[in-house]
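Chemist:
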Amino acid sequence: MGFGIIVADAFFAVTKRGRTTLKDYYTRTLRNMLIIRVFLVPFAVMLVVYGTIIYFFASYSVRQVRNELVGIAEGHRNIIDQFLSEKAAILQFTAASFSREQLRQRNHLDMIFKNLQTQSKAFFDLGVFDQNGRHVAYAGPFDLLGKSYAEAEWFKRVQNVPVYISDEFLGYRQIPHFIIAVKKEETEVAWYLRATIDTYYFNDLVENIRIGSTGEAYIVNREGVLQTKRRSGGRIMEPDPDFVKYATIDHEKTTFFTSGGWRNGHLYASAPIQQTNWQLIVRQSIGDAYAPLVSSTLVSFVLLLGGSVMVVLMGFFMAANVAAQLKSADLEKREMKTQLILAGKLAEVGEMSTGIAHEINNPLQVMKSEVAMIQSLTDDISPIIEDQAPQMLLQLKDCTREIGDQINRCSHITQGLLNFARKRENTKEPIVLEQFVPKMVQMVDQRARLENIRIVQEIQSDLPQIVSDPNQLQQVFLNLFNNAIYALKERISPEIRVRVTKENMTILISVSDNGCGFSPESMEKAFLPFYTTKPVGQGTGLGLSTVYGIIKGLGGDITLTSEQGAGSEFQIRLPIEEIDNTSIQFNHTLSQRR
Amino acid sequence: MPLTNVLIVDDEERFLKTTQTLLEKEGYKVFTAADGYKGLEAVKDRRIDVVVLDVKMPGMDGVEVLKRIKAEHPLVEVLMLTGHATMETAIDGLKLGAFDYLTKPCDIATLKEKIMAAYDKRSAMLEKIQKAKFDRIISHPMEVFSKDE
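Protein chains in written order, with this note's numbering: chain V, 132 to 725; chain L, 2 to 150.
(1) Using the beta-carbon count (16 or more within 10 Å), is HIS207/V buried or exposed?
(2) What did DSSP end up calling GLY202/V once you bin it into helix, strand or coil?
(3) So, is the C-beta of GLU501/V closer than 8 Å to a C-beta in chain C?
(4) Which of the three DSSP states, helix, strand or coil, is assigned to SER624/V?
(5) Using only the alpha-carbon positions, how far apart do SER251/V and ILE210/V sit?
(6) Is any heavy atom of the ligand PLP found at a distance shorter than 7 Å from the C-beta of LEU527/V?
(7) With distances taken from CA atoms, which of TYR29/L, LYS45/L, ASP50/L and ASP11/L is nearest ASP125/L?
(8) Taking just the CA atoms, how far does ARG137/L sit from GLN131/L?
(9) What's the gap between the Cα of ILE417/V and the Cα of ASP335/V?
(10) Using a Cβ cut-off of 7 Å, pull out every chain L residue sitting near ILE538/V, in sequence order please.
(11) To which residues of the same chain is ASP55/L closer than 7 Å at the C-beta, ignoring the five residues directly before and after it?
(12) Any contact between the region 69-77 of chain L and the region 22-34 of chain L? By contact I mean 3 or more CB pairs, one from each, below 8 Å.
(13) Using alpha carbons as the reference points, say which of TRP322/V, GLY392/V and LYS476/V lies closest to GLN233/V.
(14) Checking the sheet assignment: what are the DSSP bridge partners for TYR295/V?
(15) Pick helix, strand or coil for PHE661/V, following the three-state DSSP scheme.
(16) Decide if CYS107/L is buried, meaning its Cβ has at least 16 other Cβ atoms within 10 Å, or exposed.
(17) For the region 3-25 of chain L, which residues have a beta carbon sitting closer than 8 Å to at least one beta carbon of chain V?
(18) Assign ALA503/V to one of two classes, buried (16 or more other C-beta atoms within 10 Å of its C-beta) or exposed (fewer than that).
(19) Which whole runs of the alpha helix (DSSP H) in the region 565-641 of chain V are 4 residues long or more, in chain order?
(20) Which chain V residues sit within Cβ distance under 7 Å of ILE109/L?
(21) Does the beta carbon of LEU527/V sit closer than 8 Å to a beta carbon anywhere in chain L?
(22) Terminal residues of the continuous beta strand (DSSP E) containing PRO706/V?
(23) According to the neighbour-count rule (16 or more other Cβ atoms, all chains shown, within 10 Å of its Cβ), is HIS397/V buried or exposed?
(24) On the criterion of 16 or more Cβ atoms from any shown chain inside 10 Å, does HIS308/V qualify as buried, or is it exposed?
(25) From the DSSP output, read off the bridge partner residues of ALA321/V.
(26) Exposed or buried, what is VAL180/V when buried is set at 16 or more other beta-carbons lying within 10 Å of its beta-carbon?
(27) Under 7 Å Cβ-Cβ, which residues of chain L neighbour VAL480/V?
(28) Run through DSSP, which three-state label would GLU369/V get?
(29) Three Cβ pairs or more, each shorter than 8 Å: is that satisfied between the region 323-330 of chain V and the region 400-419 of chain V?
(30) Would you list, in sequence order, the uninterrupted alpha helix (DSSP H) runs of no fewer than 4 residues that lie entirely inside the region 162-240 of chain V?
(31) Let me make sure I understand the geometry here. Which of LYS39/L, ALA110/L and TYR102/L has the alpha-carbon closest to that of VAL79/L?
(32) Excluding the 5 residues flanking ILE340/V on each side, which residues of the same chain have their C-beta closer than 8 Å to its C-beta?
(33) Is ILE512/V buried or exposed, if buried means 16 or more other CB atoms sit within 10 Å of its CB?
(34) Would you say GLN496/V faces chain L, with C-beta separation under 8 Å as the test?
(35) Is the region 591-607 of chain V close to the region 676-687 of chain V, with three or more CB pairs under 8 Å?
(36) Check each candidate in LYS134/L, LYS105/L, LEU67/L and LYS57/L and name the one with the smallest Cα separation from LEU41/L.
See below:
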């Protein structure tokens with residue numbers, strides 16, 4: 132799995148102990164991986180699903196809008212057709228029912244007009260015309276009697292058809308209106324019955340159609356002249372400013388088309404009115420028509436965006452979390468590995484050094500006896516040769532003493548080696564750390580003060596009492612303090628921190644400093660006997676190895692963490708154990724025997 | 002003061018010889034043995050007061066020798082001489098009745114001190130035994146004839 136690879140990568144990438152780089156590496160790699168594999172892939176799938184749904188929804192909505200517009204256009208076209216054909220039929224019926232003479236009588240025509248008006252308010256006036264286009268009878272509000280319509284467009288047209296419905300025109304009255312005229316032949320002479328349709332009444336039929344907030348309907352003739360008012364601007368008989376957009380459409384059937392873009396464009400549905408040459412135009416601005424689609428898309432997009440932001444955030448957090456966990460696990464693993472290797476190495480070295488020390492101690496013993504012998508002999512012969520060669524005698528004694536000193540030096544070294552490796556007799560007794568640790572600090576306080584080193588003690592209260600060897604622990608503390616003081620030479624604001632806490636069933640003693648730290652190489656060798664970074668003559672390299680030996684001997688554990696140039700920390704874990712009666716008893720007998 | 006009889010058991014011939022010379026100069030009667038067996042023989046054959054016994058020797062090791070000496074001659078005091086690495090065995094030795102232990106390399110002076118201390122202890126013990134015997138003879142004079150040590 133991916134994690135394994137990453138861990139391995141990280142292991143190779145970070146050969147030096149750089150904490151920050153390691154962390155960055157983990158976070159970066161994991162973040163990328165998590166975001167790409169765990170989040171982006173499902174996210175991409177989600178996007179595809181979302182896109183598909185939006186696509187189908189959009190095409191469905193477009194179809195819906197189209198159907199609605201076309202439906203409205205056709206429905207109202209039918210109403211208008213019905214209206215016109217009904218009015219024409221009424222006129223035809225009237226013309227058929229009465230003779231010209233009957234209609235010419237004023238009161239008779241008025242009565243018929245009144246009857247027509249009761250039937251439909253759409254009739255505005257009614258007139259009878261002779262074959263020359265002269266107005267021979269009139270019922271209505273205007274004074275049009277006697278006027279000649281021979282030159283009027285409608286009169287010319289109605290002569291050839293039984294029914295004629297005109298476009299809007301001004302006529303004598305100078306008001307836009309349209310008329311329905313029917314022709315009747317009576318004894319070879321034609322006469323005409325004409326009704327004006329109330330413009331407002333007719334206009335309301337169309338103008339009141341509303342769709343959404345911008346949807347409107349109006350009627351135009353073939354030349355694009357408005358036959359009804361256009362709500363969005365355009366009075367009756369004015370040319371439709373948008374006529375060019377649909378000038379070329381098929382006038383025989385219902386058409387649907389889109390014109391213009393999102394902002395200014397409109398959806399058009401046009402239905403031809405059969406009774407005339409008019410077109411019923413229903414149009415709605417695109418933005419308005421698709422507003423529900425847009426808003427639902429927008430809402431879902433916002434949700435998607437919010438969701439993805441959360442996904443990404445979660446990705447980040449999870450990546451950071453997992454990275455931290457992995458990092459700590461890996462560090463722990465490496466630490467453990469190092470510790471194991473170190474422990475193995477130290478055990479080996481311990482065994483070897485014991486052997487060496489032992490083997491060297493034997494000849495040292497022989498040498499020591501020999502030196503004693505020489506000294507004894509020198510003492511014996513000194514009265515004899517004192518007079519002859521006093522200088523030589525002194526030299527001889529000096530040499531012998533020097534050999535003795537060197538033997539002692541060797542023996543000191545082997546002792547150090549054995550301190551590291553040997554199992555020692557522990558004189559265990561109860562130790563109260565709250566008192567013991569300050570006492571240890573006090574021992575180096577004077578020296579630390581000379582070097583301007585601050586020693587901070589953080590000792591947890593209510594620590595349990597431990598049972599350990601105070602003398603050996605003292606040696607441990609002194610060695611660690613010595614090391615710290617040495618590491619703090621010429622550092623800025625030098626500080627040693629001693630922390631004692633309880634951790635599970637162990638006491639954790641941490642001695643840390645902000646000194647020069649260990650290099651990675653010296654960290655591995657720190658506990659090895661004779662390993663020292665101090666100049667020749669300043670250290671034997673036995674201090675930390677002795678500390679190690681003591682802590683191991685006390686059943687504890689010691690680890691070192693350090694960053695070169697930043698400081699080091701020694702962590703000692705000592706078991707909290709019950710007072711061991713047998714060992715005390717044994718030590719008791721031991722001290723008695725001495 | 003009677004001559005203190007010391008037996009040194011060690012596999013280092015030169016150490017034996019030099020130490021012998023040194024101690025004899027100090028007025029001890031010194032016997033040497035190069036290994037455990039010879040050491041045991043010497044203890045058996047001679048009247049030894051104090052044995053200086055190297056813990057680590059080829060053949061029979063110091064602890065074994067100590068056991069046998071203590072088994073057969075409980076009043077002979079034994080000083081264990083350890084190369085330090087064998088500290089545990091030296092401690093075992095103490096448990097088995099050795100008088101004390103010395104870590105190598107040790108000064109002749111220290112060695113002498115310990116020998117003297119061991120001898121004093123032995124003398125004190127012997128004196129006590131002597132006194133006990135004397136008391137017994139006084140209280141039961143006839144027993145002198147019934148059993149002799």
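Think of the CB as a built atom: it goes at the ideal place given N, C-alpha and C, for glycine as much as any other residue.
Modeler: Per the coordinate set shown:
(1) buried
(2) helix
(3) In summary, chain C is missing from the structure at hand, where the protein chains are V and L.
(4) coil
(5) 15 Å
(6) With respect to small molecules bound, the structure shown includes none, and the ligand PLP cannot be examined in it.
(7) Residue 125/L is actually Ala in this sequence, not Asp. ALA125/L has its Cα closest to that of ASP50/L, out of TYR29/L, LYS45/L, ASP50/L and ASP11/L.
(8) 10 Å
(9) 24 Å
(10) Chain L residues near ILE538/V: PRO106.
(11) Excluding positions up to five away in sequence, the list reads VAL10, ASP11, ASP12, GLY63 and LEU82.
(12) no
(13) TRP322/V
(14) Answer is ALA312/V.
(15) Coil, per DSSP.
(16) buried
(17) GLU13, ARG15, PHE16, THR19, THR20, THR22 and LEU23
(18) buried
(19) 601-618
(20) The answer, in chain order, is SER500 and ALA503.
(21) no
(22) 698-706
(23) buried
(24) Label assigned to HIS308/V: buried.
(25) The bridge partners DSSP lists for ALA321/V are GLU316/V.
(26) exposed
(27) What VAL480/V touches in chain L: nothing, since even the nearest Cβ is about 14 Å away.
(28) coil
(29) Short answer: they don't touch.
(30) Restricting attention to alpha helix (DSSP H) runs no shorter than 4 residues, the region 162-240 of chain V encloses them at 172-228 and 231-235, ordered along the chain.
(31) TYR102/L
(32) ILE203, HIS207, GLY346, GLU347, ALA348 and VAL413
(33) Exposed, because fewer than 16 other Cβ atoms sit within 10 Å of the Cβ of ILE512/V.
(34) Yes, its Cβ sits closer than 8 Å to a Cβ of chain L.
(35) yes
(36) LEU67/L
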